[in-house]
Amino acid sequence: MGTFTCTPTASSPLAQWSAYFTRDVPGEAVVDFLLALDASDQPAVPLAGSELVLDAVAAHGWFRDIDQPEAAATDPTFTSHISLGEVPPLIQDADPRALSAEDDETGPAGWQAWAEPALGAPCLWAASFAASVPHDLVAAFAASLSSTAPVLRRVLPEATQERLLRAPAI
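Mapped onto our numbering, the consecutive letters of the sequence shown carry residue numbers 105 to 274.
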């Protein structure tokens with residue numbers, strides 16, 4: 105899909121934060137992230153804590169990680185995951201701690217979400233949010249991602265067909 109960045113001003117060359125989505129991230133989750141971004145008066149200012157993201161997925165039946173209940177959750181089929189932790193180095197963030205982290209230390213924590221149909225199998229898709237992405241924007245993505253509301257699909261991902269509930273389109 106691509107990368108979305110937020111800059112402090114239209115003329116600023118430095119991204120305040122960035123969010124990256126691979127090609128097969130569910131489109132409705134990306135749309136809900138963008139709608140929340142568009143509705144935000146201050147998209148570079150955090151309005152809530154990280155708990156908001158985990159509360160969003162828990163409301164739809166996701167399980168919090170037993171080892172990291174304050175930082176990770178997975179869906180009931182153990183296919184989709186969301187985690188607060190180190191993000192890939194190319195995910196831009198204006199937080200100077202992200203630029204100054206040594207090889208043996210982690211920078212500020214950002215969110216990542218991904219779908220892995222079986223343990224060790226290739227990921228179907230992934231999304232990464234820099235540490236400075238406001239948690240309320242990530243929560244909008246997470247709420248949509250974890251929603252159990254039906255969505256229309258022309259093609260079902262082959263690796264997850266046996267785990268999907270299917271209903272005829274009306």
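All residues carry an ideal CB built from backbone N, CA and C; glycine is no exception.
Run of the alpha helix (DSSP H) containing residue i, from where it starts to where it stops
| i | result |
| --- | --- |
| residue 250 | 239 to 250 |
| residue 160 | 155 to 162 |
Bridge partners - residue i, DSSP secondary structure assignment
| i | result |
| --- | --- |
| residue 216 | 187 and 232 |
| residue 166 | Beta-bridge pairing links residue 166 to no other residue. |
Start-to-end residues for the beta strand (DSSP E) that takes in residue i
| i | result |
| --- | --- |
| residue 131 | Residue 131 -> not in any beta strand (DSSP E); alpha helix (DSSP H) instead, spanning 131 to 143. |
| residue 109 | 106 to 110 |
| residue 178 | 176 to 178 |
| residue 125 | 121 to 125 |
Exposure label - residue i; buried when at least 16 CB within 10 Å
| i | result |
| --- | --- |
| residue 214 | buried |
| residue 145 | exposed |
| residue 116 | exposed |
| residue 128 | exposed |
| residue 227 | exposed |
| residue 125 | buried |
| residue 265 | exposed |
| residue 186 | buried |
| residue 241 | buried |
| residue 256 | exposed |
| residue 195 | buried |
| residue 235 | buried |
| residue 183 | buried |
query = Counting pairs of beta carbons, one from the region 218 to 234 and one from the region 127 to 134, are three or more of them closer than 8 Å?
reply = yes
inquiry  = Would you call the region 244 to 255 in contact with the region 153 to 170, where contact means no fewer than 3 C-beta pairs closer than 8 Å?
reply    = Of all C-beta pairs linking the region 244 to 255 to the region 153 to 170, three or more are shorter than 8 Å, placing the two stretches in contact.
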